[in-house]
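According to mature numbering (1 follows the signal peptide of the UniProt record, and there is no 0), the residues represented by the sequence shown are -19 to -1, 1 to 158, in order. Even for Gly, the Cβ is constructed at its ideal location relative to N, Cα and C. All of these numbers come straight from a predicted model, not from anything done at the bench.
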Amino acid sequence: MKYPILLALLLLVPFTAKAQTPITRDQANEYYGNCVTEAAKTEQRFSVNSQKMFCGCTAAKMVESFAMEDMAAMTDPNNPNARVALNKMIVNVYAPCMEAPTRDYHYSTCISNPKVGLLGGNAQRVCSCAADRIAQHLKNNGARLFQDILARSPEIIETRCRRFMTIRNSSNSRRHS
């Protein structure tokens, strides 16, 4: 009696699971272009090279770990799964890509601090070392840190992420053009 039930369950699984529509390379390339353009307009804390590295990394991570259904949910304020999809984007796509912008931000903050100037010729080395260590820490622990932040204050990143991360489904944009 056990085996027919198990067989019936196994036969039902393929029909009950929803297939996820992967993000294509074309869609990731479109995202990359939008990301670089938006970053140039709104993000002055990082170098252009760092922005491009971040946008390229996030585009690649989207192909690896995000789906069009996630994107649709994330960008629809009426979707009950919007927060889950946004958190998935932040933790699985953004967090692994924060190394270059983190390094830029902390280096420029350090080097522009007048007190650091008292170090004389060592200021660049000290700031570079500190920025490298902070960036490495975020690279190794970013996903967990973001999960903790989002668990405590889910709205903290919402507006900026929704505006910055949208891509269009290529087939829909072609159909409506």
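Asked	Found
N-terminal and C-terminal residue of the alpha helix (DSSP H) that E50 is part of	M49 to T56
C-alpha gap between Q8 and S46, whole angstroms	14 angstroms
At least three beta-carbon pairs within less than 8 angstroms, the segment 20 to 36 to the segment 55 to 71	no
Segments assigned alpha helix (DSSP H), at least 4 residues, entirely inside the segment 55 to 122	63 to 69 and 80 to 92
Rounded straight-line distance, which links the Cα of E50 to that of Q1	7 angstroms
Beta strand (DSSP E) runs wholly inside the segment 4 to 45, at least 3 long, in chain order	none
Beta-carbon gap between N10 and A48 smaller than 9 angstroms	no
Assumed close pair C78, A112 - CB separation to whole angstroms, cut-off 8 angstroms	Between A112 and C78 the Cβ distance is about 16 angstroms, and since that is not below 8 angstroms, they are no contact.
Helix, strand or coil at Q128 [DSSP, three-state]	helix
Buried or exposed by the 16-neighbour rule on C-beta atoms within 10 Å, applied to V74	buried
Alpha carbon of residue 169 to alpha carbon of V44, nearest angstrom	In the structure as shown, the chain begins at -19 and stops at 158. Residue 169 is therefore absent and cannot be evaluated.
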